[in-house]
Ligand code: BEZ
């Protein structure tokens, strides 16, 4: 059965461009972005991994580790990383899993046979420090992902893990958030000392509480 939100992310031990990794050991107390791409030495994937490397500080600031995956070999990954570094003006600073056996791809349902029998699609998982799956997205091979959106979702997940709020459409860190429906309007003032706006009884906005 495929993974669903809230499920425990499967553990695995795999060869990577940075040596053998046990996934849970790698996660430790961090959040993780685990993402697959169809193949090494392909143009869109080259830009995606370059973009990810360039966002190192943004991921670190949020206590997020990154790990990529394709079904190519460690040797292939290592050669390709040189190209990514050269063409994207970065240093790839995260491991790339060499999932030649497709063990990890199958556990995470990253192969969608009607898209490709052999290659992984662009799956991306955000996993929290409790190893729970918090976000899953799947893009086709022809569309590179938006890594600003990944950072935005991480900001939302980390905020909503700690406060009784949710984040509205197109929300960005620093903007007003929605008070969780479970909070009674009469309890909001005590919980959210920065104040709130009631637009409708079910739509109450408050300044981002952790700023
Ligand atoms: C790419 O990464 O450029 C790519 C990979 C597979 C199919 C199409 C594009």
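Numbering (this note's numbering), first residue to last: 83 to 293.
No residue lacks a Cβ here, since even glycine has one placed at the ideal position from N, Cα and C.
Values in this document were obtained by computation on a predicted structure and should not be read as measured data.
**Message:** Going by the DSSP bridge assignment, what does residue 288 pair with across the sheet?
**Reply:** One-based indexing of the chain shown puts residue 288 at position 206. Its beta-bridge partners are 259.
**Message:** So residue 109 and residue 211 are supposed to be a Cβ contact under 8 Å. How far apart are they, rounded?
**Reply:** Here residue 109 corresponds to residue number 27 of the chain shown, with the count starting at 1. Here residue 211 corresponds to residue number 129 of the chain shown, with the count starting at 1. Confirmed, Cβ separation roughly 7 Å.
**Request:** Can you tell me which of the three DSSP states residue 233 falls into?
**Result:** One-based indexing of the chain shown puts residue 233 at position 151. In the displayed model, residue 233 falls within a helix according to three-state DSSP.
**Asked** Smallest Cα separation from residue 282: which of 113, 191, 162, 263?
**Response** As a first step, residue 282 is located in the chain shown; it is residue number 200 there, counting from the start. The residue with the shortest Cα to Cα distance from residue 282 is 263.
**Message:** By DSSP's criteria, residue 149 is part of a beta bridge. Which residues make up the other side?
**Reply:** Translated into the one-based positions of the chain shown, residue 149 becomes position 67. Partner residues in the beta bridge of residue 149, as assigned by DSSP, are 116.
**Asked** Pick out every residue whose C-beta is nearer than 5 Å to a heavy atom of the ligand BEZ: which are they, in chain order?
**Response** Ordered by chain, the residues meeting the criterion of a beta-carbon within less than 5 Å of a non-hydrogen atom of the ligand BEZ are 120, 124, 125, 126, 127, 223.
**Item:** Beta carbon of residue 88 nearer than 8 Å to that of residue 215
**Value:** Looking up residue 88 in the chain shown gives position 6. Looking up residue 215 in the chain shown gives position 133. With contacts defined by Cβ atoms closer than 8 Å, residue 88 and residue 215 form a contacting pair.
**Message:** Using a 10 Å radius around the Cβ and a threshold of 16 neighbouring Cβ atoms, would you call residue 192 buried or exposed?
**Reply:** Your numbering for residue 192 matches position 110 in the chain shown. So residue 192 ends up on the buried side.
**Asked** Cα separation between residue 181 and residue 171?
**Response** Position 99 of the chain shown, counted from the first residue, corresponds to residue 181. Position 89 of the chain shown, counted from the first residue, corresponds to residue 171. Their backbone Cα atoms lie some 26 Å apart in a straight line.
**Request:** Output the boundary residues of the beta strand (DSSP E) element that contains residue 138.
**Result:** Counting from 1 along the chain shown, the entry for residue 138 is found at position 56. Counting along the chain, residue 138 falls outside any beta strand (DSSP E), though it belongs to the alpha helix (DSSP H) covering 138-143.
**Prompt:** How many angstroms separate the CA atom of residue 280 from the CA atom of residue 260?
**Reply:** As a working mapping, residue 280 is identified with position 198 in the chain shown. As a working mapping, residue 260 is identified with position 178 in the chain shown. Their backbone Cα atoms lie some 10 Å apart in a straight line.
**Request:** Please name the residue or residues paired with residue 241 in a DSSP beta bridge.
**Result:** As a position in the chain shown, residue 241 is number 159, starting the count at 1. Looking at the DSSP assignment, residue 241 forms no beta bridge with any residue, so it has no partner.
**Prompt:** residue 154: which of 208, 102, 276, 120 sits nearest, CA to CA?
**Reply:** Indexing the chain shown from 1 puts residue 154 at position 72. When 208, 102, 276, 120 are compared, the shortest CA-CA separation from residue 154 is found for 120.
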